[in-house]
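Counting with this note's numbering, you get residues -16 to 125 for the letters of the sequence shown. Every residue gets a Cβ at the ideal spot worked out from N, C-alpha and C, and that includes glycine.
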Amino acid sequence: MARYIPTPVKWVRDQIELYEGSGGTQGTELGGRPVIIVTHQGNKTGAIRKTALMRVEDSGSYVLVGSMGGAPKNPVWVYNLRAHADVEIRDKTEVHRMRVREVQDADERARVWALAVDAFPPYEDYKNKTTRTIPVFIAESA
Ligand code: F42
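1. Do S50 and the ligand F42 come close, with the Cβ less than 7 Å from some heavy atom?
2. What residues in its chain sit with their C-beta under 7 Å from that of R92, if we drop five residues either side in the sequence?
3. Are R82 and E40 close, meaning C-beta to C-beta below 8 Å?
4. Please return the same chain residues whose Cβ sits closer than 6 Å to the Cβ of M51, not counting the five positions on each side in sequence.
5. Distance, Cα to Cα, P(-9) vs G6?
6. In whole angstroms, give me the CA-to-CA distance for Y(-13) and V48.
7. Regarding P58 and the ligand F42, is the C-beta to nearest heavy atom distance less than 7 Å?
8. Can you give the beta carbon distance from V18 to V70, rounded, assuming they're within the 8 Å contact cut?
9. At which residues does the alpha helix (DSSP H) containing Q(-2) begin and terminate?
10. What number of angstroms, rounded off, separates the C-alpha of W60 from the C-alpha of N26?
Below, the structure is given as structure tokens:
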């Protein structure tokens, strides 16, 4: 089995450890809003990677937003998901096996972006902060 390599970013690593270590009963929010943990595979190392993201629900699916605070570059996990679509999503105490697809269609993007901003309003500020198009994925039941 592939080994797990935790993220080098301490505050995110701490949140993931608390979230997973508590079985999804602690560390499940950021700024009072719910967070999910996405377990995926590194596209270069093949290692298991874990990323905390805001919880944006879309009728049983999840919308994953590669905002990274409006930074100029995409977060690295975006390249992992483009290479390996099979993920596991922990939403508090529930764990789901899912497949992701990147949203390409403009109408679908507008629809799920509205859901994302509703769930986490700072996404709109992050969009305005960067010239890149923020990657958006939908994770659906595998
Ligand atoms: N980030 C978001 O983009 N959107 C969110 O909604 C969001 C919410 C959120 C909530 C709570 C929280 O604690 C963090 C939150 N974050 C959110 C931050 C998010 O968890 C990530 O930290 C952030 O998006 C940056 O992702 P990243 O994948 O760029 O992470 C970097 C710091 C990282 O872990 N880098 C690793 C490293 O070792 O430098 C590399 C990890 C990796 O996947 N490597 C690949 C491999 O093969 O293993 C190679 C990938 C390649 O192509 O180079």
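Judging by the given coordinates:
1. Between the ligand F42 and S50, a heavy atom-to-CB distance of less than 7 Å is present.
2. So the list reads V86, V119, once near-sequence residues are dropped.
3. No, they are not a contact pair.
4. Excluding residues within five positions, the ones whose Cβ falls inside 6 Å are P58.
5. If I take the Cα positions, the gap works out to 22 Å.
6. For Y(-13) and V48, the distance between alpha carbons rounds to 23 Å.
7. Yes - the ligand F42 has a heavy atom lying nearer than 7 Å to the Cβ of P58.
8. Distance from V18 to V70 at the Cβ level is roughly 15 Å; contact not present, criterion being Cβ atoms closer than 8 Å.
9. For Q(-2), the enclosing alpha helix (DSSP H) begins and ends at -7 to 4.
10. Taking the straight line joining both Cα atoms gives about 9 Å.
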